[in-house]
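Trainee:
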Amino acid sequence: EIHLIINTPSGGKAQKESSVIRKEAIMRDIPCVTTLSGAEATVYAIERLKSGEMTIRSIQEYHEEVRTALDLSLNLRGGKEEIAVLP
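Numbering (UniProt numbering), first residue to last: 1 to 87.
#1: For Ile-6, which residues from the same chain have a beta carbon less than 7 Å from its beta carbon, with the 5 sequence-adjacent residues on both sides left out?
#2: With distances taken between CB atoms, is the gap from Pro-31 to Leu-4 smaller than 8 Å?
#3: Give me the DSSP bridge partner(s) of Val-66.
#4: Are Thr-42 and Thr-8 closer than 8 Å when you measure CB to CB?
#5: So, for Ala-25: in the same chain, excluding its five sequence neighbours on each side, which residues have a beta-carbon less than 8 Å away from its beta-carbon?
#6: In the DSSP output, what is Ile-6 paired with across the bridge?
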């Protein structure tokens with residue numbers, strides 16, 4: 001049984017085969033990752049999920065955390081730049 005497809009095609013023939021693989025993945029409701037960075041992010045997320053380190057937050061909570069980290073970084077460097085993080 002297949003639970004995840006990682007397919008990073010390169011070249012003309014591989015691109016055509018990749019299209020077939022993606023269509024089959026969609027029809028069978030199987031997640032399909034097609035880039036190396038996407039595969040790395042997927043593996044990282046699976047590892048975090050299995051370790052119990054993953055938390056669920058709203059996008060607003062995430063942006064607040066980023067905003068706080070940026071503010072702290074600017075304060076430590078004595079910077080006066082203004083950074084806007086849109087929700």
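Quick reminder that beta carbons are idealized off the backbone N, C-alpha and C, glycines included.
Mentor: So, from the listed chains and residues:
#1: In its chain, beyond the 5 residues on either side, Val-33, Ala-39 have a beta carbon closer than 7 Å to the beta carbon of Ile-6.
#2: Yes; because the gap between Cβ atoms is below 8 Å, this pair is in contact.
#3: Looking at the DSSP output, Val-66 shares a beta bridge with no other residue.
#4: No, they are not a contact pair.
#5: Excluding residues within five positions, the ones whose Cβ falls inside 8 Å are Ile-5, Pro-31, Cys-32.
#6: According to DSSP, which records beta bridges pairwise, Ile-6 is partnered with Val-33.
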